[in-house]
Amino acid sequence: MKLDAKIPEGPLAEKWSKHKFNLKLVNPANKRKYTVIVVGTGLAGASAAASLAALGYNVKAFCYQDSPRRAHSIAAQGGINAAKNYQNDGDSVHRLFYDTIKGGDYRAREGNVYRLAEVSVNIIDQCVAQGVPFAREYGGLLDNRSFGGSQVSRTFYARGQTGQQLLLGAYSALNRQINLGKVQMFTRHEMMDVVKIEGEAKGIVTRDLITGEIETHAAHAVLLCTGGYGNVFYLSTNAMGCNVTAAWKAHKRGAFFANPCFTQIHPTCIPVSGDHQSKLTLMSESLRNDGRVWAPKTVELAQKLRSGEIKVTDLKEEDRDYFLERKYPAFGNLVPRDVASRNAKEMVDEGRGVGASGIAVYLDFAEAIGRLGEDAVRARYGNLFDMYQQITDENPYKQPMRIYPAVHYTMGGLWVDYNLQTTVKGLYCLGEANFSDHGANRLGASALMQGLADGYFVIPYTLGDYLATIGPKAVDVKHPSFEEAKKNVVDRVNQLLSLKGTKTVNEYHRELGHIMWEYCGMARTEAGLTKAKGMIRELREDFWKNALVSGSNNEFNQSLENAGRVADFLELGELMIDDALDRKESCGGHFRLESQTEEGEALRDDENYAYAAAWEYKGDDQDEVLHKEELVFENVKLSQRSYK
Amino acid sequence: MSKNMNLTLKVWRQKNADTKGKFVTYQAGHVSPDMSFLEMLDVVNEDLTKKGDDPIHFDHDCREGICGACSLHINGRPHGPKHGITTCQLHMRSFNDNDTVVIEPWRAEAFPVIRDLAVDRGAFDRIQAAGGFVSVNTGGVPDANAIAIPKVIADEAFNSATCIGCGACVAACKNASAMLFVSAKVSQLALLPQGQPERYHRVQAMVAQMDAEGFGSCTNTGACEAECPKEISITNIARMNRDYFTAKLIKQEEA
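Going line by line, the protein sequences match chains B and F.
In terms of the numbering used here, the first sequence opens at residue 1 and continues consecutively.
In terms of the numbering used here, the second sequence opens at residue 1 and continues consecutively.
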C-alpha cells in the first residue's frame with residue numbers, strides 16, 4: 001500500500017483555501033441523513049461533535065468518563081497559541097508555522113502545520129464567542145504571554161487552567177447540541193473495536209462500563225479523538241484512564257500507526273516518592289524563568305545528601321554544579337524541554353541525583369528570592385509552590401525544589417492524511433491521537449491549538465467530502481461484520497476475566513513502565529532497545545498466563561477495564577521499541593546514543609530519516625511492516641538545532 | 001522522612017444501585033505519609049485483589065485536582081479534612097498513625113450510588129445541557145478582540161468558571177442542593193457580554209432542570225462554599241436568584 005498524504009498542490013499559503021474549494025459538499029437537506037460516531041470528548045472530540053451537529057449531521061459521541069467535561073484536555077495548564085499578532089511583535093501565520101515545524105525538529109508535514117497556524121486565529125474567536133474567560137488586560141482586550149520555543153507573545157491563557165476553560169467551552173457547545181437532539185451522548189462507554197464493511201469503517205463496538213453490555217453502533221463514519229498513549233510508561237502526567245485501546249483496536253483493523261516512539265518528556269515534574277506512586281504531577285515550565293537547575297558536584301556529596309548526612313542548605317556554592325548554565329551559556333536554564341530533560345537524566349545516571357531515591361535534581365529559587373524578594377516570587381509562582389509543598393511536604397521558599405522529567409505527551413499516533421483520514425476509509429483521527437502536526441517534539445501551548453483546530457475547523461470540511469462520496473444510504477447494524485466484531489470483543493472480555501493468576505494488572509503495568517522508561521525513554525541504544533523488545537514479549541506472555549483480574553462482566557468492574565487497557569499497552573510497547581530501533585538518528589526528544597555530535601548533542605540525520613514511519617499491523621506476535629512517508633520541505637531550510 | 005502509619009478504614013461497600021450497602025472495616029498497614037489518599041486506596045485494592053476480594057470502586061482520573069472525577073466523603077467531609085483541594089490532592093500526612101477513617105460516597109438522591117464509592121452525577125450534565133451555553137455555531141463569530149471586557153468582570157466570571165463539577169457542594173449540603181454548581185455557570189455567562197442575549201432564558205431552564213433532577217432547596221447554610229475545592233463563592237447563588245426573579249417577574253418575554 002502506498003501512503004498518499006493528499007497534500008494539495010500549490011503554494012503553501014494557498015493549499016488549504018484551494019483544498020476547501022475542491023472538497024465535495026453535502027447538501028444541507030441531506031446532512032440529517034448521515035450519522036457520525038465520535039469517540040472521545042476532549043478538545044478534539046467535543047469540538048468535532050458540536051461542529052458536525054451544528055452543520056446538521058447526527059452525532060453519537062462516546063467517552064469512558066462519567067462526563068464529557070472530564071477528558072484529560074482539562075488538565076492543560078499553560079495556554080494556547082494563535083497567530084493573532086495582537087501584540088504587534090512580529091507574529092504571523094508564517095512565523096507560527098515556522099516555529100512549530102522547527103520545534104518539531106523537522107519531522108512534521110509542512111502542509112498540515114501551515115494549516116494549523118492558519119486556523120489558529122479562528123479558534124480564539126470561537127472560544128471567546130462561547131464565553132471562555134481568557135486573561136485580559138485592564139483595557140479589556142485579551143492578554144498574551146510568551147512560551148518556550150518562540151520569540152513572540154502569542155499564547156492566550158486562562159490562569160493556570162487554560163485546558164479546563166477551553167474544554168468547558170467545547171463541552172458547552174456539545175451540550176447545546178445534546179439539548180437540540182443532534183448529539184446522542186454515551187458516557188461511561190469504552191470503545192472496544194472498529195467495525196468495517198467492505199474495507200470501510202461503519203461503526204464501533206462499545207462496552208457499557210456500568211452494565212457490562214457489549215453494544216454495536218453503526219454510522220457513516222467514525223472519528224477517533226481518544227488522546228495519547230503516555231500511560232504506556234505507567235507513570236506519566238496523563239490521567240489514570242488515558243489509554244491507547246481505541247487507537248490500538250483501529251490499528252489492528254488496518255489503520256497504520258505513525259511514529260509511535262515520538263513521546264515528549266517534560267523536564268519539570270515532581271519526582272517519584274515510592275512504588276505506591278500512581279501518577280506524576282507537572283510543575284509549569286515557567287518555573288525555569290527564575291529557577292536555577294543544579295546537582296551536587298560530586299557523587300560523594302550526592303550520597304551524603306541522599307542518606308541525610310548533610311542538608312541541601314549546607315552545600316556551599318562551589319559544591320553546586322549549575323549544569324545547564326555551564327553547558328549551554330546562551331540559553332542556560334531555558335533550553336528546550338528535551339535538552340533540559342536529557343541533562344537531568346545524565347546527572348542521575350552519573351550518581352549525582354538527589355532526594356531519597358536519588359532520582360531528581362534541584363530547581364533552586366534562592367537567587368531569585370534574593371534578587372526579587374520572597375513576595376515577588378510568591379506573586380509569580382505562589383500556586384505552584386503551594387502545590388509542591390502539598391505533595392512533598394517541603395517548603396520551596398526555604399530549600400530548592402526537587403524535579404525530574406516525566407512523560408507528558410505523545411506526538412506519535414494513528415497515521416492520517418491531510419483530511420485526517422486514517423489508512424482505513426471512513427475512519428478519521430483527531431487531536432493527540434493522530435500523529436500529524438508536532439513532528440518529533442511538541443512546542444508548549446500547541447496541543448490545545450491542534451485539538452481544537454482539528455475539531456472546529458478541519459474535520460467539518462474534510463469529512464463532508466467523504467460522506468458526499470459514499471452517499472446517505474443507512475448502514476445496516478445487522479450486517480455480519482457487526483456480529484463478528486462483537487463476538488471478538490465478548491471473547492476478549494471473557495479471556496481477560498478468566499485470568500486468575502497471582503500478579504495484579506497494576507504490577508504488570510508498572511513493570512512495562514520500567515522497561516519503556518529505561519530503554520525507550522529519553523536516551524536509547526540499539527542494544528538496550530533490542531533487550532527491551534525481548535523483555536516486553538516475555539512480560540506479555542506472562543500477563544496472559546499469570547495476571548489476576550477480578551469480578552465479572554455484568555457489573556461496574558474497574559479491574560476489568562484496566563486489564564483491557566494494559567493488555568493493549570503491552571502490545572503497543574513493542575511497536576514503540578520497533579520504531580525506536582528503526583530510527584537510528586537523534587531527533588526531537590529522542591536521543592540515540594549512537595547519533596551525537598562531537599559535543600555530545602543530538603545529531604539528526606535528514607538524509608536517511610526525514611520520513612514519518614507508518615506501521616502496518618500483520619497479526620499477533622508478528623513484526624509489523626514499516627511504510628515510509630517521505631517528508632518534503634519546500635519552504636523551510638533544515639538546520640541542526642543548537643542552544644550553546 | 002516520617003514513619004509509615006497503620007490506619008483503620010471503614011468503607012462504604014455497595015454492589016450496585018439496587019443492593020443495600022454497608023460499612024466494611026479494613027486495616028491499611030504501612031501507609032506512607034507521602035501517598036495521596038487515592039494511592040492509599042490503590043494499595044488497599046491491590047491487597048484485596050490478591051486475596052480474591054473485589055477491589056473498592058471509586059471514581060478518579062486526572063489525580064491533579066482539575067477533572068472533578070474524584071469524590072469521597074472522608075470523616076464526614078467532602079474531599080476530606082483540608083480546605084481548597086480535592087481528594088486526589090489530599091496526602092496521608094494529613095492523618096495520624098492509628099486513625100480511623102470513614103469513607104463514604106456522596107450522599108444525595110440525585111446522585112445514586114453506582115458501586116461502592118462511585119455515584120452517578122449525570123444530573124449535572126443534564127442541567128448544563130438545559131442551558132449552560134451561548135448559542136453560537138462554529139465559525140462566523142466576530143474577532144476575539146471585538147468586544148472589550150473589563151478585567152474585573154472577566155476575572156469575576158473566571159472565578160465562577162473554575163467549578164470542576166465534582167459535586168462536593170451537593171454532598172456538603174444538608175438539603176443536597178445543587179445551587180452553588182448551577183449558579184456558578186449561570187453567573188459566568190450572566191457576567192459576560194456573550195451571555196446576555198440568553199441570560200433570562202438560561203437561568204430558568206437550568207433551574208427547572210435542577211428541580212427536575214431532585215436536588216434540594218437552598219437554605220443559605222453556606223456548607224457548599226466551605227467545602228468547594230475551588231472555593232467558589234455563594235455570591236453566585238445570590239446572583240442567580242436575582243436573575244431568576246428578574247426573569248420570572250419582568251423578563252418573561254425574553255425567556
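Using N, Cα and C, we set each Cβ at its ideal position, and we do this for glycine too.
Considering Cα atoms alone, identify which of the options is closest to residue i.
{"i": "residue 120 of chain F", "options": "F:131, F:155 and F:213", "result": "F:213"}
{"i": "residue 259 of chain F", "options": "B:386, B:448, B:264 and B:461", "result": "Shown here, chain F extends from 1 to 255; a query on residue 259 of chain F therefore has no answer."}
{"i": "residue 431 of chain B", "options": "B:204, B:116 and B:190", "result": "B:116"}
{"i": "residue 196 of chain B", "options": "B:483, B:564 and B:544", "result": "B:483"}
{"i": "residue 150 of chain B", "options": "B:186, B:327, B:100 and B:130", "result": "B:100"}
{"i": "residue 335 of chain B", "options": "B:266, B:166 and B:247", "result": "B:266"}
{"i": "residue 118 of chain B", "options": "B:533, B:452, B:546 and B:607", "result": "B:452"}
{"i": "residue 189 of chain B", "options": "B:437, B:156, B:200 and B:65", "result": "B:65"}
{"i": "residue 262 of chain B", "options": "B:412, B:530, B:504 and B:81", "result": "B:412"}
{"i": "residue 578 of chain B", "options": "B:326, B:337, B:260 and B:561", "result": "B:260"}
{"i": "residue 325 of chain B", "options": "B:274, B:288, B:357 and B:349", "result": "B:288"}
{"i": "residue 627 of chain B", "options": "B:637, B:492, B:201 and B:611", "result": "B:611"}
{"i": "residue 438 of chain B", "options": "B:284, B:15, B:589 and B:394", "result": "B:589"}
{"i": "residue 178 of chain B", "options": "B:60, B:161, B:460 and B:129", "result": "B:60"}
{"i": "residue 640 of chain B", "options": "B:105, B:568 and B:220", "result": "B:105"}
{"i": "residue 171 of chain F", "options": "F:111, F:237 and F:127", "result": "F:111"}
{"i": "residue 563 of chain B", "options": "B:599, B:515 and B:501", "result": "B:501"}
{"i": "residue 130 of chain F", "options": "F:243, F:210 and F:22", "result": "F:210"}
{"i": "residue 383 of chain B", "options": "B:161, B:51, B:132 and B:112", "result": "B:161"}
Excluding sequence positions up to five away, which residues of its chain have a Cβ less than 7 Å from the Cβ of residue i?
{"i": "residue 537 of chain B", "result": "574"}
{"i": "residue 43 of chain B", "result": "73, 166, 167, 170, 431, 448, 451, 452 and 455"}
{"i": "residue 156 of chain B", "result": "79, 80, 82, 124, 134, 142 and 144"}
{"i": "residue 196 of chain F", "result": "none"}
{"i": "residue 445 of chain B", "result": "78, 79, 80, 81, 147 and 155"}
{"i": "residue 363 of chain B", "result": "268, 287, 291, 293, 400, 401 and 403"}
{"i": "residue 395 of chain B", "result": "389"}
{"i": "residue 618 of chain B", "result": "624 and 625"}
{"i": "residue 228 of chain F", "result": "168, 169 and 180"}
Whose C-beta lies closer than 8 Å to the C-beta of residue i among residues of the same chain, with five residues either side of it excluded?
{"i": "residue 62 of chain F", "result": "69 and 88"}
{"i": "residue 233 of chain F", "result": "159 and 225"}
{"i": "residue 56 of chain B", "result": "28, 31, 32 and 182"}
Based on the DSSP secondary-structure assignment, which residues constitute the bridge partners of residue i?
{"i": "residue 177 of chain F", "result": "F:216"}
{"i": "residue 53 of chain B", "result": "Note: residue 53 of chain B sits in no beta bridge, so no partner."}
{"i": "residue 596 of chain B", "result": "B:602"}
{"i": "residue 292 of chain B", "result": "B:364"}
{"i": "residue 199 of chain F", "result": "Answer by DSSP bridge pairing: none, since residue 199 of chain F is not bridged."}
{"i": "residue 133 of chain F", "result": "According to DSSP, residue 133 of chain F bridges with nothing at all."}
{"i": "residue 615 of chain B", "result": "B:257 and B:626"}
{"i": "residue 28 of chain F", "result": "F:7"}
{"i": "residue 449 of chain B", "result": "Answer is none; residue 449 of chain B lacks a bridge partner."}
{"i": "residue 13 of chain F", "result": "F:22"}
{"i": "residue 160 of chain B", "result": "B:158"}
{"i": "residue 421 of chain B", "result": "B:428"}
{"i": "residue 646 of chain B", "result": "This structure cannot speak to residue 646 of chain B, because chain B is shown only from 1 to 644."}
{"i": "residue 409 of chain B", "result": "B:264"}
Beta-carbon within less than 6 Å of residue i's beta-carbon, same chain only, minus the 5 sequence neighbours each way: which residues are those?
{"i": "residue 239 of chain B", "result": "72"}
{"i": "residue 18 of chain F", "result": "none"}
{"i": "residue 247 of chain F", "result": "200, 203, 204 and 255"}
{"i": "residue 189 of chain F", "result": "195"}
{"i": "residue 604 of chain B", "result": "585 and 587"}
Is residue i close to chain D? Criterion is C-beta to C-beta, closer than 7 Å.
{"i": "residue 91 of chain B", "result": "This model lacks chain D altogether, as its protein chains are B and F."}
Give the C-beta separation of residue i and residue j to the nearest angstrom, bearing in mind that I take them to be a contact with Cβ-Cβ under 8 Å.
{"i": "residue 647 of chain B", "j": "residue 39 of chain B", "result": "Beyond the ends of chain B as shown, which are 1 and 644, falls residue 647 of chain B; an answer cannot be given."}
{"i": "residue 402 of chain B", "j": "residue 354 of chain B", "result": "6 Å"}
{"i": "residue 33 of chain F", "j": "residue 91 of chain F", "result": "7 Å"}
{"i": "residue 602 of chain B", "j": "residue 591 of chain B", "result": "6 Å"}
**OP:** Please list the residues of the stretch 236 to 250 of chain B that have a C-beta atom closer than 7 Å to any C-beta atom in chain F, keeping them in chain order.
**Re:** 239, 240 and 241
Subject >> Positions along the stretch 255 to 278 of chain B whose CB lies within less than 8 Å of some CB in chain F >> reply: 273, 274, 276, 277 and 278
Original post:
When Cβ atoms are compared, which residues of the stretch 143 to 156 of chain F fall closer than 7 Å to chain B?
Top reply: 143, 144, 145, 148, 149, 150, 151 and 154
Subject >> Residues of the stretch 35 to 55 of chain F whose Cβ lies closer than 9 Å to any Cβ of chain B, in chain order >> reply: 35, 36, 38, 39, 40, 42, 43, 45, 46, 48, 49, 50, 52, 53, 54 and 55
Original post:
Taking any Cβ of chain B, which residues in the stretch 119 to 140 of chain F have a Cβ under 8 Å from it, in chain order?
Top reply: 120, 121, 122, 124, 125, 128, 129, 130, 131, 132, 133, 134, 135, 136, 137, 138 and 139
Subject >> the stretch 558 to 585 of chain B: positions lying closer than 9 Å to chain F by Cβ >> reply: 558 and 559
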